[in-house]
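Peer 1: My questions will all concern the structure given below.
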Amino acid sequence: MAIDREKFPPLYRTVAANDAGLESHSYVPGGLDVLTSHPLNDAPGANPEQFIGLALSTCLNATLEAIEERRDLPHSSQVHTIVEMARDTRGFQFYLTAEVKLPGVDHETAVAMVDLAERRCPVAKLIGNSDNVVVKLVTEFSAATPVES
């Protein structure tokens, strides 16, 4: 369902651009400029898998930080997102697993905070209806070992 832009006008706007494809660079005019490359080669540069992982980790953790602040808790949350790329019948797809650690917060409270953060985080809301996206509370982060080719 699309948001009502009249009722909820944008509070922030930016442009994220890529003009030359995967083996080039992506940029924000007047700001960030990142070399890009294909994830399956050894060339230097970031790729869409890393960008979506960073977007989810950063936004979800910022949302958790706001929740911690409202509860008068020190900021201790950490979010690591494992991103995997796989082939499917129509090309490629991503699997995202966001792992959240909340040290010093009891389990029941931490579960409630992660649930609330997932419902409030704009990136999680954008991609959260996908069966390929999982957000979970952990006590230790999983090792993301490279896929052997």
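Throughout, the numbering used here is defined as the position within the sequence shown, counted from one, plus 842. Where a beta carbon is used, it is the ideal one built from N, C-alpha and C, also for glycine.
Closest to ASP884 by CA distance: which of GLU865, ALA952 and CYS901 is it?
Peer 2: Residue GLU865 is the option with its Cα nearest to ASP884.
Peer 1: For ARG961, tell me which candidate among THR878, GLU848 and LEU906 has the shortest Cα-Cα distance.
Peer 2: With distances taken between Cα atoms, ARG961 lies closest to LEU906.
Peer 1: In chain order, what are the residue ranges of uninterrupted beta strand (DSSP E) at least 3 long that sit wholly in the stretch 914–965?
Peer 2: Complete beta strand (DSSP E) runs here, min 3: 920–930 and 933–943.
Peer 1: Mapping DSSP to helix, strand and coil, what is SER899?
Peer 2: DSSP places SER899 in helix when its eight states are reduced to three.
Peer 1: Whole-angstrom Cβ separation of SER899 and HIS922, contact assumed at under 8 Å?
Peer 2: Going by Cβ atoms, the distance from SER899 to HIS922 rounds to 6 Å, so yes, they are a contact pair.
Peer 1: Specify, as a first and last residue, the run of the beta strand (DSSP E) that ASP875 falls within.
Peer 2: Unbroken beta strand (DSSP E) run through ASP875: 875–877.
Peer 1: Report all residues from its chain with a CB closer than 6 Å to the CB of VAL976; omit the five preceding and five following residues, and keep chain order.
Peer 2: Within the same chain, VAL976 has close Cβ partners THR939.
Peer 1: Within a Cβ cutoff of 7 Å, which residues of the same chain sit near HIS867, ignoring the five residues on either side of it in sequence?
Peer 2: The residues are ASP875, VAL876, LEU877 and THR878.
Peer 1: Do you know offhand how far PRO964's Cα is from TYR869's?
Peer 2: Cα-Cα distance, rounded: 21 Å.
Peer 1: Which residue's Cα is closest to the Cα of SER984: GLN935, SER919, VAL942 and VAL953?
Peer 2: The shortest Cα separation from SER984 among GLN935, SER919, VAL942 and VAL953 belongs to VAL942.
Peer 1: Between LEU915 and ALA952, is the Cβ-Cβ spacing less than 8 Å?
Peer 2: Not a contact, by the Cβ cut-off of 8 Å.
Peer 1: On the three-state DSSP scale, how would you describe LYS967?
Peer 2: Reduced to three states, the DSSP call for LYS967 is helix.
Peer 1: With the cut-off set at 8 Å, would you say PHE936 and GLU926 are in Cβ contact?
Peer 2: Yes, Cβ-Cβ distance for PHE936 and GLU926 is below 8 Å.
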